[in-house]
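Counted from 1, the sequence shown has number 351 at position 91 by this note's numbering; the numbering is strictly sequential.
The beta carbon of each residue, even a glycine, is placed where N, CA and C say it ideally should be.
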Amino acid sequence: MARGGRQGGQQGDPIDWVTRAADDAIRHAGEGNKVTVASGASPSGPIHLGNLREFLTPHFVAEELRRRGIETRHLHSWDDYDRFRKVPAGVPAEWAEHIGRPLSAVPDPWGCHESWAEHFKAPLQAALAELGVEMDEVSQTEMYRAGTYREQILHAIRHRDRIEEVLGRYRTKAAPAAETEEEAAELAESVANDEESEDSGAGAFARFPYKPWCAECGRDTTDVTSYDDETTDLAYTCRECGHSGVTNVATEDAGKLVWKVDWPMRWAWEKVDFEPAGLDHMTPGSSYTVGQELVSSIFDWQAPARVTYAFVGIAGVQKMSSSSGGVPTPADALQILEAPMVRWLYTRRAPKQAFTIDFGPEVVRLYDEWDALGRKAADPAKRDAQVLAFERASATHAGGPLPVPAVAVPFRTLSSVADVTAGSADMISRVVEHVGFPHDSVADLEPRLGRAMAWTASLPESERTIVRETPDADRLASLSEDEELWLRIFLDRLPERLELDEVTAVVYGVPKVARGLGFEDAPTDQVKADQKNFFRLLYNLLVSADRGPRLPTLVVALGQDKVRSLLGA
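Structure below.
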């Protein structure tokens, strides 16, 4: 049992994947010891919603450990000392000059940050702060350049024959077949990266575990040509610029371990107890499977406890690749989803479960599901794994509850009103008040109001509700007798002050009155058919469509003058 807590969480708690992962981390660390959970990412491009699993998975585990009173550290490594591999679309072709240099040494083509790496770190760091994720961030550029790993590098070089034995044994392993084209592409890219990272030289030094940066051009396009175990002098030739140089590994910090050796070395150095890994790192011969053997046989540490996480897709968007643009990022998601909801997407499913995020019409249903779960969570008798996921998403150990609106108006209502009011916050506030959600100010509707406005604005025009500017003279001139009667009754019964309940009664009651019934009478089959036709007529005249937002809400949002004008009054 770990200090200050118990395995399995608090007494009576439901058991979920976070609980089990926290138990595994405790077992790895040992009784009474501090637990280190880790994450890592290469800032080679936009850090997208698939990469977010790398951050949130250990975050939730760390939060569970802290909840149990266990001293915990979430360590995040920025792999900004990785090589710049290719020039993505939208970047000037001349940036090809920097291929092979560390990401931290490549200039920011947009000129707003110190380097390529910092340009892609910054928006993710801001999004993580909004998501309540706190972690100790480490730059691998700074760690290597400070000489932090000198002893570990020398140790790896001294055991290079054993390292090559392990790497060689796994190098012939075949990767499993992927289930989708997207997964196949991701796995192929990972395998290519791993194989590329192993190449350090030529001839007898082709698989040397340390790769020097060229002192002349700064690239890693170097072949190790000799190494002296006594002096630790390493000679190399650069394939790119032709420079031949010598670096002393014991006194200079001019290179880095190849990735498959670097990762297990850092597990041991940081004493990592838990770290997730994507499917691309779990194929036979890939980084994790090789690393778990190297870390014990070379660096005297045990591979951390782990969970394997699957791919995250975006509906309507091609496979997310961190080195290409045009993919939704956490910052993009936070424009549409409240921060607890983004967290919930990643905690409600086990990491091994792939899922897709849909920023289209599915967003409305997602908000409905979230609000329903919140109501369920308010009842202690209904606490289950779903409610536990809601609780994990809604608050953090140190920061408490994440921001939610003081007045939680259904997202479908806010978005409908935003759609027909051209996104005016003050007008939306007034309409929302009329449709049954009293509040003191617009601030009471935030942050959901801003999300609804942003989501509505992001929809293609074909999915937007476009209110007519002028009456449809042709349609009004061709009204049938029933339609003329419906409009007369509607305009006559429409209350002067448009409140949702009264407007709803009128909208549904007009066909009843036209058939000699009262507002409170149950509709007949004929009335039900008339209601459908009447609703279609109103949509035609108000928004030039056969359907749209809920009619009573639409009428309240447009107001008396606009409605009467478009209906020919």
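Residue i, buried or exposed, once every other Cβ within 10 Å from all chains shown has been counted against 16
| i | result |
| --- | --- |
| Glu206 | As shown, the chain starts at 261 and ends at 829. That puts residue 206 outside it, with no answer to give. |
| Ser738 | exposed |
| Gly300 | buried |
| Ser364 | buried |
| Gln400 | buried |
| Pro663 | exposed |
| Pro661 | exposed |
| Asn508 | exposed |
| Ile726 | exposed |
| Thr813 | buried |
| Glu314 | buried |
| Lys516 | buried |
| Gly620 | exposed |
| Ala448 | Any reading at Ala448 must be qualified, since the residue scores a pLDDT of 47, below 50, and its modelled position is unreliable; the value itself is stated next. Label assigned to Ala448: exposed. |
| Trp604 | buried |
| Pro362 | buried |
| Ser722 | exposed |
| Arg370 | With the sequence shown as reference, residue 370 is identified as Trp, and Arg is not the correct amino acid for it. Result: exposed. |
| Phe615 | exposed |
| Pro720 | exposed |
| Pro755 | exposed |
| Phe795 | buried |
| Trp527 | buried |
| Asn793 | exposed |
| Asp480 | buried |
| Arg608 | buried |
| Cys831 | Any question about residue 831 goes unanswered here, given that the chain covers just 261 to 829. |
Closest residue to residue i among the options (Cα-Cα distance)
| i | options | result |
| --- | --- | --- |
| His419 | Phe468, Arg526, Leu594, Glu397 | Phe468 |
| Thr568 | Leu719, Arg625, Asp489, Thr549 | Thr549 |
| Leu826 | Glu759, Ala774, Glu762, Leu747 | Leu747 |
| Ala537 | Glu291, Thr492, Val297, Gln786 | Val297 |
| Asp284 | Arg796, Gln562, Lys471 | Gln562 |
| Asp339 | Thr279, Ile726, Glu378, Pro707 | Glu378 |
| Leu818 | Glu759, Gln791, Leu797 | Glu759 |
| Gln412 | Glu651, Val623, Trp529, Phe779 | Trp529 |
| Thr482 | Gly502, Asp488, Glu490 | Gly502 |
| Arg708 | Ala610, Ala593, Asn293, Ile286 | Ala593 |
| Arg326 | Thr656, Pro362, Ile749, Asp704 | Thr656 |
| Ile330 | Ala282, Arg796, Pro352 | Ala282 |
| Asp785 | Pro755, Lys772, Cys477, Glu622 | Lys772 |
| Arg429 | Asp513, Pro544, Ser556 | Pro544 |
| Gly290 | Phe320, Thr332, Leu312, Tyr470 | Thr332 |
| His319 | Pro367, Ile275, Glu397 | Glu397 |
| Leu736 | Thr279, His541, Lys822, Gly828 | Gly828 |
| Thr730 | Asn800, Pro590, Phe465 | Asn800 |
| Val321 | Thr279, Ile688, Leu539, Arg824 | Thr279 |
CB contact flag (residue i, residue j, <8 Å)
| i | j | result |
| --- | --- | --- |
| Arg724 | Ser804 | no |
| Leu335 | Met403 | no |
| Ala575 | Asp618 | yes |
| Arg410 | Ala495 | no |
| Asp342 | Ser302 | yes |
| Asp493 | Val506 | yes |
| Arg807 | Asp790 | no |
| His288 | Ala565 | yes |
| Ser557 | Arg422 | yes |
| Leu427 | Lys294 | no |
| Gly360 | Glu500 | yes |
| Pro274 | Asp644 | yes |
| Asp513 | Gly407 | yes |
| Asp679 | Val702 | no |
| Val815 | Val767 | yes |
| Ala570 | Trp277 | no |
| Glu743 | Leu797 | yes |
The ligand MG heavy atom lying under 7 Å from the CB of residue i
| i | result |
| --- | --- |
| Thr317 | Ligands displayed in this structure: none; no statement on the ligand MG is therefore possible. |
8 Å Cβ cutoff, residue i in contact with chain C
| i | result |
| --- | --- |
| Arg566 | Reference to chain C is not applicable here, since this structure consists of a single protein chain. |
Can you list, in chain order, the stretches of the beta strand (DSSP E) that have 3 or more residues and sit fully within the stretch 307-375?
332-338
Under 8 Å, with one C-beta from each stretch per pair, do the stretch 661-673 and the stretch 708-723 reach the 3-pair mark?
The stretch 661-673 and the stretch 708-723 touch, with no fewer than 3 CB-CB distances between them shorter than 8 Å.
Check whether the stretch 381-400 and the stretch 304-319 are in contact - that is, three or more C-beta pairs closer than 8 Å.
yes
Unbroken stretches of the beta strand (DSSP E), 3 residues or longer, contained in the stretch 720-801
When DSSP assignments are scanned along the stretch 720-801, no uninterrupted stretch of beta strand (DSSP E) that is 3 or more residues long falls wholly within it.
To test your reading of the DSSP string, which unbroken alpha helix (DSSP H) runs of 4 or more residues are found completely within the stretch 458-534?
519-530
Which runs of the alpha helix (DSSP H) at least 4 residues long sit entirely within the stretch 571-631? Give them in chain order.
590-593, 599-607
At a cut of 8 Å, does the stretch 412-432 reach the stretch 338-357 through at least three beta carbon pairs?
Counting C-beta pairs closer than 8 Å gives fewer than three between the stretch 412-432 and the stretch 338-357, which falls short of the contact rule.
Determine contact between the stretch 615-633 and the stretch 598-606, defined as no fewer than three beta-carbon pairs at a distance below 8 Å.
Segment contact: the stretch 615-633 against the stretch 598-606, three or more CB-CB distances shorter than 8 Å; contact assigned.
So, do the stretch 631-639 and the stretch 687-706 have three or more beta carbon pairs nearer to each other than 8 Å?
No: fewer than three Cβ pairs fall under 8 Å.
Ignoring anything shorter than 4 residues or poking outside the stretch 663-703, list the alpha helix (DSSP H) runs there in chain order.
671-680, 685-694
Going residue by residue through the stretch 538-574, where are the continuous beta strand (DSSP E) segments of at least 3 residues, counting only ones entirely within it?
572-574
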